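Single-structure report; data block below.
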Amino acid sequence: MKQTMITILGPTASGKTSLAAALAAAFPSRMDGMEAEIISADSRQVYRGMDIGTGKDLADYTVGDKQIPYHLIDICEPGTKYNLFQYQQDFYDAYQDVLRRGRLPILCGGTGLYIESVLKGYHLSPVPQNPVLRERLADKSLAELTEMLQQLKARNGSHMHNRTDVDTAQRAIRAIEIETYNAEHPMPERELPSVDSLIIGVSIDREARREKITRRLRQRLDEGMVDEIRSLLDRGIPAEDLIYYGLEYKFVTEYATGKTSYDEMFRGLEIAIHQFAKRQMTWFRGMERRGFTIHWVDALQPMADKVEQIFELTGDVDR
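Quick note on numbering: the working numbering labels position 319 of the sequence shown as 319, and the sequence is numbered without any gaps.
Given below as structure tokens:
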């Protein structure tokens, strides 16, 4: 392969992880014994104990009798604020480690900002909290904060912090804090190298995606997602910290703390996940407009066909 990595991206419920694992499992027999390992690109799967709500689906990393190694999952404590700067550093460490051992990294996930930042190789500086700014923003609504953020982004020419990242006021305030800091402290030129990657996108028909999202949400609730979040609250993690993570953690925490009913939680969360998947696709289409070539495969194809299609794209398939 000319590339040093394969990237598999797609919206939630598209089957990215199972495809990445199936590809990695097939690697040794198709690539002269070369092994592959998966590096996660998911902004919430980094947290230990947040398993069902983040959709870790760790069983997907076992294919037959083969356990596929993975990285950047379960690397920090819930309640902490993991960020893009930390992800870039952690990704690069994992990427270099996999290459040093003569294996191929497969980057897999749906957090478009994380994926784009490491492929482009941008260097970001850690952004400290700004107590004065936070106090000034504390009473503003999410709509007001979103408008402020959009104005800052336009002024900075920034592609960071699309609506995927600001579905709570706390996250919007942090995004404004970062954009404000970057406006006052211009980022240096790229310092982390860009990564030459074959990029695979998993596309799924809108109706099929909606059906799968709803079915998966019911399954995760049946598997104990509410109990998982209650156990995090019982451990002393503040409700507002869980709400910060958005989606499942926002809606289920509000239910677990008595702010909403079960039916209100389910309906609101179902709608939010559908909207989230749509925003993910908007980000990936934006990546194409920004110069990335994404080779799309149909999520509903048989797994073997999808894996074969990717091997054909590498140009190294035995014929």
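The C-beta atom is built at its ideal place from N, Cα and C for all residues, glycine as well.
Please read these numbers as outputs of a predicted model, since none were measured by experiment.
8 Å contact criterion, which residue i and residue j should meet: CB distance rounded
i: R155; j: A183; result: 7 Å
i: T7; j: I204; result: Actually they are not in contact, since the Cβ atoms of T7 and I204 sit about 17 Å apart, beyond 8 Å.
i: I39; j: F85; result: Their Cβ separation, rounded to whole angstroms, is 17 Å, which puts I39 and F85 out of contact at 8 Å.
i: V46; j: Y82; result: 5 Å
i: F276; j: T12; result: 6 Å
i: I213; j: I273; result: 5 Å
i: A36; j: L133; result: Incorrect: roughly 44 Å between the Cβ atoms, too far for contact.
i: M50; j: P78; result: 5 Å
i: L99; j: T4; result: 7 Å
Outcome for residue i when other beta-carbon atoms lying within 10 angstroms are tallied against a minimum of 16
i: D139; result: exposed
i: P131; result: exposed
i: P28; result: exposed
i: A21; result: buried
i: R220; result: buried
i: G328; result: The requested residue 328 does not occur in the structure, where the chain is confined to residues 1 to 319.
i: A304; result: exposed
i: G246; result: buried
i: S261; result: exposed
i: T58; result: Sequence inspection shows Leu at residue 58; the Thr mentioned does not correspond to that position. It counts as exposed.
i: E248; result: buried
i: Q129; result: exposed
i: L141; result: The question names Leu, yet the displayed sequence has Ser at residue 141. Flag for S141 reads exposed.
i: S197; result: buried
i: S231; result: exposed
i: T293; result: exposed
Residue i - partner residues in DSSP beta bridges
i: L107; result: T7, I39
i: D298; result: S203
i: S197; result: M5
i: Y70; result: I38
i: T62; result: Q67
i: Y47; result: C76
CB contact check: residue i to chain D, cutoff 8 Å
i: T17; result: Within the model displayed, chain D is absent; a lone protein chain is all it includes.
- Query: If you pair each beta-carbon of the segment 97-112 with each one of the segment 15-27, do three or more pairs fall below 8 Å?
  - Reply: yes
- Message: Measuring CB atoms only, is the segment 62-73 touching the segment 23-37, in the sense that at least three cross pairs come out at less than 8 Å?
- Response: yes
- Which ranges does the alpha helix (DSSP H) cover as unbroken runs of at least 4 residues, wholly within the segment 250-292, from first to last along the chain? 262-289
- Message: I'd like the ranges of any alpha helix (DSSP H) spanning at least 4 consecutive residues and lying wholly in the segment 139-181.
- Response: 142-156
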